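> Would you mind keeping the following structure in view while I ask a few things?
Residue numbers (our numbering): 53 to 405.
Written out as C-alpha cells, the structure reads:
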C-alpha cells in the first residue's frame, strides 16, 4: 500500500503540474522519460537480436542487447521501494487506551473555526476595525493581543502559533460555518447584517493576524522563531475564492456529516497538492459544536489521522489559567485495529442473524 501511494503521488506530480512545485514536477517528468527511454531502447534491441538469432538468421551480426541498460532499469524498482519505505515502530502486544501528549510541530493544520466571541474584551466590530487599519502601532498590536486573549479567537491563534514555532507550519485549512438561515433557507438579518454570522467571515481576520502580527514581541518567548508566519498558506471559503466543501451548517444540523465530508475532501483533494504527506497534517477538534467535532473524529480515527484539541488548564473552581495549548489525542495501532475489527465482527454477526 505504501508503494502504491508513492506511485500514485509520482503520477500526480507528472500529470498535474503544480505552480508551487515546478522543479519537482519537471524532475519527476524527466526521470520518467529517461527511464522509459532506457527501457524502450533495451526492448527494441532485444527484439531485433531475437529476430536475427531465431528467425531471419541474416549473415550480418546484430549486437546483443546491452544488459547494463536492463540492470539499470530493474535497479530503479528496488530504489523506489527503498525510498518509499519508512521505518515504523512495531505495535505493542498489549493495546493501551488513548492518551494525551503535546503534539510534534506539524507542517499542516486543519481547524474547526468558531465565530468571534468576546469574554470581556473588544467586540468583533472593534477588533476587526482595529485589525484592518493599515498602520498599526506596537500599542495597537498589544491591544489586539489582549482582545484575542479575552475571546475564543485565542484558541485557533495559539493552535497555529504552536506549530508555527521554529518555522514548521506551512498550510492551514479552516472548516467554517455558514450564516444562520431560517426554515426557508433565508439568511436571518439584523440591520442588513447577518444576525448569526458564519465563522467563514472570521477566517480572513485570523489569516491577517497570523501574517502581520509581531509574534516574537507579543508572545515574549525569546526562544521562539515565528519568521515563517507571513508565508503560511490559508485555505478557506470566501466570496472571492468559494470553497463550499469546507463550509458546514451554523446550527450543527448534519454537522457530523458535513465535517466528515469536508475533512475527507481536504485529505483526498488538497493535502498532497499542497506538497504535504497526510502524516504531516493534524486535525484540531476544539472549535464549533459537538456534532462538528464528532464528525472530525469519525473521519480521523479509521484512517489513523492525527487529532488534537487546544485548551487552557483549569483550576478545581473551573477557572482557566494560562493561554490555550494543543494536546494530541493518541491511540496506538493495536487499539484502533481491535476497535475496527470489533465493529466489523458485530456487522458480520448482524448480517448472519
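Backbone N, C-alpha and C define an ideal beta-carbon position, used for all residues, glycine too. It should be emphasised that the depicted structure is a prediction, and the values quoted were computed from it without experimental measurement.
1. Between the Cα of residue 209 and those of 342, 382, 168, spot the shortest distance and give me the residue it belongs to.
2. Roughly how many angstroms lie between the CA atoms of residue 322 and residue 336, to the nearest whole one?
3. Which stretch, first to last residue, makes up the beta strand (DSSP E) that contains residue 160?
4. Closer than 8 Å by C-beta to residue 211: which residues in its own chain qualify, once you throw out the five before and the five after it? Chain order, please.
5. Any idea what DSSP makes of residue 341, helix, strand or coil?
6. The alpha helix (DSSP H) that contains residue 179, what's its start and end?
7. What would DSSP say about residue 289, mapped onto helix, strand or coil?
8. Would you list the one or two residues that DSSP bridges to residue 359?
9. Taking residue 151 as part of the beta strand (DSSP E), name the residues at either end of that continuous run.
10. Using the rule of at least 16 other Cβ atoms within 10 Å of the residue's Cβ for burial, across every protein chain shown, is residue 283 buried or exposed?
11. Tell me where the alpha helix (DSSP H) around residue 207 begins and ends.
12. Just how far apart, CA to CA, sit residue 153 and residue 328?
13. Straight-line CA distance for residue 174 to residue 354?
14. What are the residues that DSSP puts in a beta bridge with residue 241?
15. Identify the residues that DSSP records as bridge partners of residue 271: which are they?
16. What are the start and end residues of the alpha helix (DSSP H) that includes residue 225?
17. So, residue 285 versus residue 217, is the Cβ gap smaller than 8 Å?
18. Rounded to the nearest angstrom, what separates residue 200 and residue 214 at their Cα positions?
19. Between the region 311-326 and the region 259-275, do three or more beta carbon pairs fall short of 8 Å?
20. Nearest to residue 190 by CA position, among 108, 265, 343, 311, is which residue?
21. With burial defined as no fewer than 16 other Cβ atoms inside 10 Å of the residue's Cβ, what is the status of residue 343: buried or exposed?
Put simply:
1. Within the chain shown, numbered from 1, the residue matching residue 209 stands at position 157. Comparing Cα-Cα distances from residue 209 to each of 342, 382, 168, the minimum goes to 168.
2. Stepping through the chain shown from its first residue, residue 322 is reached at position 270. Stepping through the chain shown from its first residue, residue 336 is reached at position 284. Near 17 Å, if we compare the C-alpha coordinates of residue 336 and residue 322.
3. Indexing the chain shown from 1 puts residue 160 at position 108. It spans 160-164 - the beta strand (DSSP E) in which residue 160 sits, taken as one unbroken run.
4. Reading the chain shown from its first residue, position 159 is the one you call residue 211. For residue 211, where only same-chain residues beyond five positions count, the Cβ hits under 8 Å are 161, 163, 336, 338, 360, 362, 376, 378.
5. Position 289 of the chain shown, counting from 1, holds the residue named residue 341. In the structure shown, residue 341 sits in coil (DSSP, three-state: anything other than H, G, I, E or B).
6. For the purposes of this step, residue 179 is taken as residue 127 along the chain shown, with counting starting at 1. Where residue 179 is concerned, the enclosing alpha helix (DSSP H) stretches over 176-184.
7. Taking the first residue of the chain shown as 1, we reach residue 289 at position 237. Residue state, collapsed to three classes: coil.
8. Along the chain shown, one-based indexing puts residue 359 at 307. Answer by DSSP bridge pairing, in chain order: 335, 381.
9. The residue given as residue 151 occupies position 99 in the chain shown. Taken as a continuous stretch (DSSP letters only), the beta strand (DSSP E) holding residue 151 covers 151-153.
10. The residue labelled residue 283 in the question sits at position 231 within the chain shown. Looking at its Cβ environment, which holds fewer than 16 other Cβ atoms inside 10 Å, residue 283 is exposed.
11. Position 155 of the chain shown, counted from the first residue, corresponds to residue 207. 206-216 is the span of the alpha helix (DSSP H), which, as asked, contains residue 207.
12. By 1-based counting over the chain shown, the position of residue 153 is 101. By 1-based counting over the chain shown, the position of residue 328 is 276. Using only the alpha carbons, I get a separation of about 23 Å.
13. Residue mapping note: residue 174 aligns to position 122 of the chain shown, counting from 1. Residue mapping note: residue 354 aligns to position 302 of the chain shown, counting from 1. One C-alpha to the other measures close to 41 Å.
14. Within the chain shown, residue 241 is the residue found at index 189, counting from 1. The partner list for residue 241 (beta bridge, DSSP) reads 246.
15. Residue numbering aside, residue 271 sits at position 219 when the chain shown is read from its first letter. The partner list for residue 271 (beta bridge, DSSP) is empty, contrary to what the question assumes.
16. Your numbering for residue 225 matches position 173 in the chain shown. Judged by DSSP secondary structure, residue 225 falls outside any alpha helix (DSSP H) and instead within the beta strand (DSSP E) spanning 223-229.
17. Here residue 285 corresponds to residue number 233 of the chain shown, with the count starting at 1. Here residue 217 corresponds to residue number 165 of the chain shown, with the count starting at 1. Judged by their CB atoms, residue 285 and residue 217 are not nearer to each other than the 8 Å cut-off.
18. Numbered from 1 along the chain shown, position 148 holds the residue referred to as residue 200. Numbered from 1 along the chain shown, position 162 holds the residue referred to as residue 214. When rounded, the distance between both Cα atoms is 16 Å.
19. No: fewer than three Cβ pairs fall under 8 Å.
20. Here the question's residue 190 lines up with position 138 in the chain shown. Looking at 108, 265, 343, 311, the one whose alpha-carbon comes closest to that of residue 190 is 265.
21. Indexing the chain shown from 1 puts residue 343 at position 291. Residue 343 comes out buried.
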